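Each residue of the sequence shown is one higher than the one before, starting from 5 at the first, in the numbering used here.
Using N, Cα and C, we set each Cβ at its ideal position, and we do this for glycine too.
Computed from a predicted model, the values in this text were never measured in an experiment.
What follows is one structure encoded as structure tokens, with my remarks underneath.
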Amino acid sequence: MKLFKIGVPIFALTVALIVIAAPIGPLPGFFIGGTPSEAPNNWPDTSAEHEIRLKVVDVLPRVVIIWMVEYNQELYVVGAADSGWVRMIGESAPVKMRLNDSTYDLIAQRVTADIEAIATAYLDKYRADYPDIIANFPSVEEAEVSNSFRIFRLEKPAA
């Protein structure tokens with residue numbers, strides 16, 4: 005009986021911590037999961053993949069579930085300039101990306117060229133499945149003028 009009284013609260017606390025630490029919807033978490041994998045030289049077609057998990061390491065790591073787009077055989081993520089994970093990356097930072105069950109060590113590098121083409125590819129990818137969300141996004145031109153978003157290319161680290 006004593007073991008039951010101690011075991012149940014410990015189990016409940018453990019489950020609660022796991023739920024709190026894992027990213028859920030728009031709430032960031034700490035754990036990314038997946039199987040560590042070598043990033044490929046060329047990414048496979050990701051047009052059917054809607055979400056990835058991205059882990060930015062800082063004093064407190066942050067894992068977010070976000071959309072990504074493949075453009076010219078490279079992967080990109082887009083985020084609001086004032087979001088926590090975007091500020092943590094700055095211009096460039098090491099990240100972990102989970103795509104399906106594989107987790108890759110990558111570098112998130114801020115992009116300042118081809119912004120319109122990448123942003124258009126991003127919007128086009130998600131417009132059919134998420135029309136209400138995409139309809140509320142500012143136009144690419146408005147977002148560029150207001151400097152309200154950042155685009156990052158996810159690259160293999162230099163060997």
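Query raised in the report: Are the C-beta atoms of W71 and some chain B residue less than 8 Å apart?
Result: Of the protein chains in the structure, only one exists, and it is not chain B.
Query raised in the report: Does the Cβ of R57 have 16 or more other Cβ atoms within 10 Å, making it buried, or fewer, making it exposed?
Result: buried
Query raised in the report: Do M92 and D62 have their C-beta atoms closer together than 8 Å?
Result: yes
Requested in this report: Go ahead and pull the three-state DSSP assignment for W71.
Outcome: strand
**Report entry** Distance between beta carbons of F153 and V68, contact taken as under 8 Å
**Finding:** No, V68 and F153 are not in contact; Cβ-Cβ is about 15 Å, not under 8 Å.
Query raised in the report: DSSP state of Y129, grouped into three classes?
Result: Note that residue 129 corresponds to Lys in the displayed sequence, not to Tyr. Helix at K129.
Report task. Output the boundary residues of the alpha helix (DSSP H) element that contains I111. Result -> Run containing I111: none in the alpha helix (DSSP H); it sits in the beta strand (DSSP E), 106 to 114.
Report task. For R184, count neighbouring Cβ atoms within 10 angstroms of its own Cβ and tell me buried if that reaches 16, exposed if not. Result -> An answer regarding residue 184 cannot be provided, because it is not within the stretch 5 to 163 covered by the chain.
Query raised in the report: With distances taken from CA atoms, which of P98, L103, V99, G38 is nearest T50?
Result: L103
Query raised in the report: What are the residues that DSSP puts in a beta bridge with T39?
Result: S106
Query raised in the report: Going by alpha carbons, who is nearest to Y126 out of V90, E78, V73?
Result: V73
Query raised in the report: Helix or strand or just coil, what does DSSP make of E159?
Result: strand
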